[in-house]
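Just below is one structure, and these are the notes that go with it.
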Ligand SMILES: [Zn+2]
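Numbering (my numbering), first residue to last: 687 to 1048.
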């Protein structure tokens, strides 16, 4: 594993749609007017097309689809509307700059659920609630993430009916829906929970070109942005695990957003792979354990450091690790030498957090 903490820490974006079966009724319009069925890839609003535009979130520009008042990224990821703007927001002030009128999008970004615990509730109107309880049982059996039924907490996941399967990424603050259409399966629910705890799509890793080939010529016109890497979207390319995992439950299918029934993603040699929505892969679990370490976590096989005692009560919200990236107050910052840095062009500039706003250090 390289420097982790990136994608996962990068929070918040969105909501997603999913399902094995769910996907079955997610017919995608094709360029010649016929329909092609993708059996795997989650879609928030199947069969609907919105306006493609750029929005700004966490100081970065995201190509999104606007549909039903939501900003949808990569099919099933929703960006929190109250933290997203249609024009760039100045998130880092010069050292002597006065604070401008604060935009709501500048609010503190939260990514991970504290104490490995996701608070949740289920809409009584949601059919087949065993999908949710089975998916939660799968997460609890395979990771250190725990799920607790809400009793008054303000930040929580709400499983509710919707047109497709969708979720926000990471803890966004307040109530955040995971929508599940009737067709969304337990596997799709496991995928959506993956987003809610902070996972992004596997095929958008910055290093994906080492493992897969994206066939842009087969993608529905206007949907190409769904296949950008996170690096192309403006993020750094670091990942939680060493390489792309074709078996990840967060991996698109080979036919995602196909315009013509031909694959949009293959292995480098052109062959197909089997996308799955049955459960977390070992690679998924490895990455999740980095973000939500717990008793299930196996010791990382890196250089032994016998002199450094194991922290007994790690507090990921306040303990910052040098060499890793965080999103704080809407800005992606790098922790290095126990200081904070942001990327400006090709250079790194030191910044400090003062009264909830980032400022350049003189
Ligand atoms: Zn997804």
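Glycine included, C-beta positions come from ideal geometry on N, C-alpha and C.
Query, Result
"Ligand 1 and residue 762: does any heavy atom of the ligand fall closer than 7 Å to the residue's C-beta?", "yes"
"List in chain order: all unbroken alpha helix (DSSP H) runs of 4+ residues lying wholly within the stretch 893 to 971.", "none"
"Can you find a heavy atom of ligand 1 that lies under 7 Å from the Cβ of residue 751?", "no"
"Taking 8 Å as the cut-off, does the stretch 885 to 900 touch the stretch 827 to 842 (at least 3 CB pairs, one atom from each stretch)?", "no"
"In this structure, does DSSP put residue 659 in helix, strand or coil?", "Within the shown structure, residues of the chain are numbered from 687 to 1048, placing residue 659 beyond reach of any answer."
"Any idea what DSSP makes of residue 760, helix, strand or coil?", "coil"
"In whole angstroms, what separates the C-alpha of residue 1030 from that of residue 868?", "46 Å"
"Going by alpha carbons, who is nearest to residue 733 out of 906, 950, 773?", "906"
"Can you name, in chain order, every residue of its own chain whose Cβ lies under 7 Å from the Cβ of residue 1035, other than the five neighbours on each side?", "1027, 1028, 1046"
"What distance in whole Å lies between the Cβ atoms of residue 853 and residue 864, which are believed to be in contact at a cut-off of 8 Å?", "5 Å"
"Would residue 845 and residue 809 be called neighbours here (beta carbons separated by less than 8 Å)?", "yes"
"Only counting the same chain, and skipping five residues up and downstream in sequence, which positions put a Cβ closer than 7 Å to that of residue 875?", "817, 818, 821, 866"
"Have a look at residue 959 and residue 825 and give me their C-alpha separation to the nearest angstrom.", "24 Å"
"For residue 928 and residue 784, I'd like the C-alpha separation in whole angstroms.", "43 Å"
"Under 8 Å Cβ to Cβ from residue 952, same chain only, skipping five residues before and after it: list those, please.", "898, 899, 901, 940, 958, 959"
"In whole angstroms, what separates the C-alpha of residue 741 from that of residue 758?", "10 Å"
"Determine the extent of the beta strand (DSSP E) in which residue 861 is found, giving its start and end residues.", "861 to 866"
"Looking at residue 760: is its Cβ nearer than 8 Å to the Cβ of residue 887?", "yes"
"Could you tell me whether any non-hydrogen atom of ligand 1 is closer than 7 Å to the CB of residue 888?", "no"
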